[in-house]
Amino acid sequence: MANERLNFEDEQVRKTFRHTSAHILAQAVKRLFPEAKLAIGPAIENGFYYDFDLEHKFTDEDLRSLEKEMEKIVKSAYPIERFELPREEAARFAEEKGEPYKAELIADLADDAVIYFYRQGDFTDLCAGPHLESTVPVKAVRLTSVAGAYWRGSEKNKMLQRIYGVSFPEQSALDEYLAKLEEAKKRDHRKIGAEMDLFAVYDEGPGFPFFMPNGMILRNELERFWREEHAKRGYREIKTPLILREELWHTSGHWEHYRDNMYFTKIDDNNYAVKPMNCPGAMLAYKRKMYSYRDFPIRVAEMGQVHRHELSGVLHGLMRVRTFTQDDAHIFMLPEQIQDEVIGVIDFIDYVYKIFGFKYRVELSTRPEIHMGADEEWEHAIDALKGALEKKGAHYAVNKGDGAFYGPKIDFHLEDSMGRTWQCGTIQLDFQMPQRFDLTYTGNDGEKHRPAMIHRVIFGSVERFIGILTEHFAGKFPLWLAPVQVRILTVTEKFSGYALELAEKFRAAGLRAEFDVRNEKIGYKIREARNARDSYIVVIGGKEAESGILPVRSSKEGELGGMSAADFIDRLRKEIAEKSI
RNA sequence: GCUGUUGUAACUCAGUCGGUAGAGUACUACCUUGGUAAGGUAGAAGUCACGGGUUCAAAUCCCGUCAACAGCUCCA
Numbered sequence: 002m003a004n005e006r007l008n009f010e011d012e013q014v015r016k017t018f019r020h021t022s023a024h025i026l027a028q029a030v031k032r033l034f035p036e037a038k039l040a041i042g043p044a045i046e047n048g049f050y051y052d053f054d055l056e057h058k059f060t061d062e063d064l065r066s067l068e069k070e071m072e073k074i075v076k077s078a079y080p081i082e083r084f085e086l087p088r089e090e091a092a093r094f095a096e097e098k099g100e101p102y103k104a105e106l107i108a109d110l111a112d113d114a115v116i117y118f119y120r121q122g123d124f125t126d127l128c129a130g131p132h133l134e135s136t137v138p139v140k141a142v143r144l145t146s147v148a149g150a151y152w153r154g155s156e157k158n159k160m161l162q163r164i165y166g167v168s169f170p171e172q173s174a175l176d177e178y179l180a181k182l183e184e185a186k187k188r189d190h191r192k193i194g195a196e197m198d199l200f201a202v203y204d205e206g207p208g209f210p211f212f213m214p215n216g217m218i219l220r221n222e223l224e225r226f227w228r229e230e231h232a233k234r235g236y237r238e239i240k241t242p243l244i245l246r247e248e249l250w251h252t253s254g255h256w257e258h259y260r261d262n263m264y265f266t267k268i269d270d271n272n273y274a275v276k277p278m279n280c281p282g283a284m285l286a287y288k289r290k291m292y293s294y295r296d297f298p299i300r301v302a303e304m305g306q307v308h309r310h311e312l313s314g315v316l317h318g319l320m321r322v323r324t325f326t327q328d329d330a331h332i333f334m335l336p337e338q339i340q341d342e343v344i345g346v347i348d349f350i351d352y353v354y355k356i357f358g359f360k361y362r363v364e365l366s367t368r369p370e371i372h373m374g375a376d377e378e379w380e381h382a383i384d385a386l387k388g389a390l391e392k393k394g395a396h397y398a399v400n401k402g403d404g405a406f407y408g409p410k411i412d413f414h415l416e417d418s419m420g421r422t423w424q425c426g427t428i429q430l431d432f433q434m435p436q437r438f439d440l441t442y443t444g445n446d447g448e449k450h451r452p453a454m455i456h457r458v459i460f461g462s463v464e465r466f467i468g469i470l471t472e473h474f475a476g477k478f479p480l481w482l483a484p485v486q487v488r489i490l491t492v493t494e495k496f497s498g499y500a501l502e503l504a505e506k507f508r509a510a511g512l513r514a515e516f517d518v519r520n521e522k523i524g525y526k527i528r529e530a531r532n533a534r535d536s537y538i539v540v541i542g543g544k545e546a547e548s549g550i551l552p553v554r555s556s557k558e559g560e561l562g563g564m565s566a567a568d569f570i571d572r573l574r575k576e577i578a579e580k581s582i
């Protein structure tokens, strides 16, 4: 492969390339830090990493020196050779080299396993491969960060130092990658959230975000949309309490399985828990009366605020928080209704994601080793989910054994404009809750039966969804969501009256209009309005006051030329009604 | 929670060897009344995250706590 052109479009080629890059990194580390012990170094989605056990803490300067050393290795054009050793010799080899982690890996291999090593110049590493034929093609490398990582991913093991890197066959591809990272940084919802005054998190409440007026506009618009669409699809909305007696959580099983993530409190000497999920409340709500099979399906939605004790180290803006709002719904139905209901939810999710221009990926997770419910129930349920997906012609991946212990599920991972994916929507069948809460209905045989139930979310978490939208649109939200839809700027104070009059007109037409009549230069006001990402800017002065023709500037399309106030209002109302993106 | 890094005005940051704090932006007042990305002058604003310690003296050195950031593990 040394002299061939690499087809970097090919997933397998990329993986091999990155894996070889990891070996070159390990070689460089061994040269500069001979006492470092090697752990593992695979290719990952965007690059590669290698884990090292070393007393000395890698610094940024070390990373730069390592990059230089890697460059030398690449220039040395070492051929990469594979050889195999029988297990005992392999073990001895690792021993001699003083590599305890490699020795542990070898010890775990099957007795009859063929054990491969790869050699490049002065460096040899235990590795299943494959690798490039030489170090030559790895032309552009950037070591991006160093972080702690547990040996074999278990917090019981020693923490190693993991060096992350990216590599490409050409410098230009690396530059492109770095530019993309810069762009992602600019779009970071935490940065835009502060700039646009959407939300904030304070030391007084880590993981408990505050929503500011502009952020509330986003929330309220999303919720309004959500309510309208649920009403159209036959859902009825409920609201259940945030705090309920501890006994409820014993019944639901959360006490047993989820206690470490829950918050507790006491009222009049009785123990209460803050809800980490909405289902137990929904189960109580179901049990308020008797049901007939004729009542099904029953679709019950809830914008439910939950609290979960997440580890301090995982908190991240709106993406990972300790309180969030699930756009939850529970659907109670007959077993033979499962497939149609799931189709309904799939259609619903598809409709919502398309409104925002999201592409998405679907995954079906099936029965895990440890599970409740009879095998035939699982089979029926999985068939229903599969049947629904197939009827929709959806492409989906199967995660075998990755379902919850209480039922199989379909997950929706949406892809934002930066190509990153986020798990948002999920449809989960649940055999457990109806049984634990002894939910029943009366069948046409007059007997009591157990209803089937699914829970599902579309946004997943309203907070996270807002974070994703912010990065997806880089703060330039579709008009229906934009905090400021139009801002009127005056050239001089003489036109303040006219500006107010116009703003009132826009507001009367249902638009979110603001005005800026401050004693500042027009260039300054425009700059501020653009930085605030206001959707439309209208500048008024003598010409406009006289003609009534407004010069309109869009944050997305630039100058649109002049139009009358009436035409402008029509245009905006249409854009809002169509939820254009 | 773990590893590493960081914490100075509302924001972004400077502050050398330990000698009691500075810039730009924003804010307030005044001047300026201007036409598509920053007009001028002045003013106010900080318990240097918090709590201990060392020292004649701590933003600076040491210990602890809290929080943020990048990862790990986990997850909507």
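Counting the first sequence from 1 gives a position; our numbering is that position plus 1.
Built from N, CA and C at the ideal position, the CB exists for glycine as well.
Whole-Å CB distance - residue i paired with residue j, under 8 angstroms assumed
i	j	result
SER536	LEU480	5 angstroms
ILE582	GLY358	5 angstroms
ARG300	ALA330	6 angstroms
ALA510	ILE489	Incorrect: roughly 13 angstroms between the Cβ atoms, too far for contact.
ILE411	LEU390	7 angstroms
GLU171	ALA141	6 angstroms
GLN486	LEU573	6 angstroms
Residue j beta carbon less than 8 angstroms from that of residue i
i	j	result
ARG437	THR252	yes
ASP517	LYS506	no
PRO101	LYS38	yes
TYR165	ALA185	no
VAL75	LEU223	no
ILE339	ALA375	no
PRO409	SER366	yes
GLN162	PHE53	yes
PHE432	GLU378	yes
ARG323	GLY208	yes
ARG83	GLY42	no
PHE325	MET373	no
TYR50	THR136	no
Residue i CB to nearest heavy atom of the ligand MG below 7 angstroms
i	result
VAL147	Because no ligand of any kind appears in the structure shown, any question about the ligand MG cannot be addressed here.
Own chain residues within Cβ distance below 7 angstroms of residue i, not counting five before or after
i	result
ASN47	VAL167
LEU133	MET2, THR17, PHE18, THR21 and ILE81
ILE469	ASP417 and TRP423
TYR499	ILE541 and ALA546
ASN8	VAL14
LYS557	LYS477
LYS103	LEU39, ALA95 and LEU127
TYR259	PRO277
Neighbourhood of residue i by C-beta distance below 8 angstroms, restricted to the same chain and skipping five residues each side
i	result
ASN532	GLU196
THR241	LYS276, ASN279, GLY282, ALA283, LEU285, ALA286, GLU303 and GLY305
GLU56	GLU36
GLY549	SER565 and ALA566
VAL315	ARG321
Assigned secondary structure, residue i (DSSP; H/G/I helix, E/B strand, else coil)
i	result
ILE1	In the structure as shown, the chain starts at 2 and stops at 582, and residue 1 therefore has no counterpart that could be examined.
THR241	coil
LYS477	coil
ILE45	coil
VAL315	helix
HIS251	helix
ILE81	coil
ILE74	helix
LYS159	coil
ASN4	Unreliable placement is indicated for ASN4, whose pLDDT of 44 sits below 50; the coordinate value is still reported in the next sentence. If DSSP states are grouped into helix, strand and coil, ASN4 belongs with coil.
HIS132	coil
THR427	strand
GLU579	coil
VAL322	coil
GLU587	Lying before the first or after the last residue shown, residue 587 is absent from the chain, which here runs from 2 to 582.
ILE25	helix
Beta-carbon contacts of residue i that lie in its chain and below 6 angstroms, excluding the five residues immediately before and after
i	result
VAL492	ILE523 and GLY542
ILE570	ALA510
Checklist entry - Is the stretch 206-214 in contact with the stretch 288-295, if contact means three or more CB pairs nearer than 8 angstroms? => result no
Next on the checklist: Does the structure place the stretch 340-352 close enough to the stretch 449-457 that three or more beta carbon pairs sit under 8 angstroms?
Outcome noted: yes
Checklist entry - Three or more C-beta pairs closer than 8 angstroms, one from the stretch 442-451 and one from the stretch 397-412: is that the case here? => result no
Next on the checklist: Does the contact criterion of 3 or more C-beta pairs under 8 angstroms hold for the stretch 28-38 versus the stretch 54-72?
Outcome noted: yes
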